[in-house]
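Here you go:
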């Protein structure tokens with residue numbers, strides 16, 4: 001969403017900010033809150049179980065924070081922990097190839113003529129393709145089980161908003177595509 005431009009960017013940003021605020025309020029005021037507390041207790045028990053041994057805090061907290069984000073955005077049934085873990089691993093791998101020296105490759109010439117010649121380009125494309133595959137699998141799973149009367153998570157919120165805008169004849173409904181949700185959420189390749 002951060003890489004979208006113009007009116008599409010404004011519409012998506014406004015929608016996601018509103019929905020994220022609502023999701024946080026729902027999470028705090030619902031039974032999902034119990035799951036969050038369980039996750040926090042799990043962090044503490046994992047730390048206690050180490051009994052003074054070295055702990056990889058980055059790995060532990062990344063895993064636990066991903067669990068908290070997953071529960072907040074998707075609830076218990078929206079996305080599996082394995083999907084989130086795999087997504088984060090691929091995203092970290094993709095970013096490691098893009099940064100830091102490749103940040104100097106700016107603009108169309110670098111993007112299309114220099115970066116493709118770098119040795120890490122194939123790996124980056126492979127990770128990017130796998131990331132998109134995970135995202136589109138999640139979107140397809142949600143489309144097949146979507147029920148407007150039973151909104152389960154942020155993806156169902158997206159579908160519901162799209163359907164409501166279409167019913168009203170709102171021209172911004174054109175921005176609510178599967179590609180925007182699945183691909184452009186973190187990428188500007190489209």
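In the UniProt record's numbering, the protein residues as written are 1 to 190. Ideal Cβ placement from N, Cα and C applies to all residues, glycine included.
### Message
Alpha carbons only, please: which of 179, 146, 152 is nearest the one belonging to residue 163?
### Response
As a working note, residue 163 is residue 163 in the chain shown. Closest in C-alpha terms to residue 163, from the list 179, 146, 152, comes 146.
Is the Cβ-Cβ distance between residue 8 and residue 39 less than 8 Å?
Stepping through the chain shown from its first residue, residue 8 is reached at position 8. Stepping through the chain shown from its first residue, residue 39 is reached at position 39. The beta carbons of residue 8 and residue 39 sit no closer together than 8 Å.
_residue 134 to residue 89 span [Cα, whole Å]_ = The residue labelled residue 134 in the question sits at position 134 within the chain shown. The residue labelled residue 89 in the question sits at position 89 within the chain shown. Rounded to whole angstroms, residue 134 to residue 89 spans 12 Å at the Cα level.
Verify whether the separation of the beta carbon atoms of residue 158 and residue 181 is less than 8 Å. As a position in the chain shown, residue 158 is number 158, starting the count at 1. As a position in the chain shown, residue 181 is number 181, starting the count at 1. Residue 158 is a Cβ neighbour of residue 181, given a cutoff of 8 Å.
Open item on the list: Quick check on DSSP: helix, strand or coil for residue 81?
Closed with: Within the chain shown, residue 81 is the residue found at index 81, counting from 1. It is helical.
(message) Using a 10 Å radius around the Cβ and a threshold of 16 neighbouring Cβ atoms, would you call residue 108 buried or exposed?
(response) One-based indexing of the chain shown puts residue 108 at position 108. Residue 108 should be labelled exposed.
From residue 82 to residue 138, what does the alpha carbon distance come to, in whole angstroms? Translated into the one-based positions of the chain shown, residue 82 becomes position 82. Translated into the one-based positions of the chain shown, residue 138 becomes position 138. When rounded, the distance between both Cα atoms is 12 Å.
Fill in: Identity of the residue in 70, 140, 25 nearest residue 87 by Cα
Residue mapping note: residue 87 aligns to position 87 of the chain shown, counting from 1. Scanning 70, 140, 25 for the CA closest to the CA of residue 87 turns up 70.
Pick helix, strand or coil for residue 55, following the three-state DSSP scheme. Sequence index remark: in the chain shown, residue 55 carries index 55 (1-based). DSSP, reduced to helix, strand and coil, places residue 55 outside both helices and strands of the structure shown, so it counts as coil.
Checklist entry - For residue 12, does the count of other Cβ atoms within 10 angstroms reach 16, so buried, or fall short, so exposed? => result Mapped onto the chain shown, residue 12 falls at position 12. Residue 12 is buried by the Cβ-count criterion.
Next item on the list: Return the chain-ordered list of same chain residues with a C-beta closer than 6 Å to the C-beta of residue 176, the five sequence neighbours on each side being excluded.
Entry: Along the chain shown, read from residue 1 onward, the residue named residue 176 stands at position 176. The residues are 162.
Review point. Apart from the five residues just before and just after residue 189, which ones in its own chain have a Cβ nearer than 6 Å to its Cβ?
Key: Your numbering for residue 189 matches position 189 in the chain shown. With a pLDDT of only 43 at residue 189, under the threshold of 50, the placement of this residue in the model should not be trusted; the figure read from the coordinates follows. So the list is empty, once near-sequence residues are dropped.
Would you kindly work out how many angstroms separate the C-alpha atoms of residue 152 and residue 165, rounded to a whole number?
Reading the chain shown from its first residue, position 152 is the one you call residue 152. Reading the chain shown from its first residue, position 165 is the one you call residue 165. Those two C-alpha atoms are separated by around 19 Å.
Helix, strand or coil at residue 152 [DSSP, three-state]: In the chain shown, counting from the first residue as 1, residue 152 sits at position 152. DSSP places residue 152 in coil when its eight states are reduced to three.
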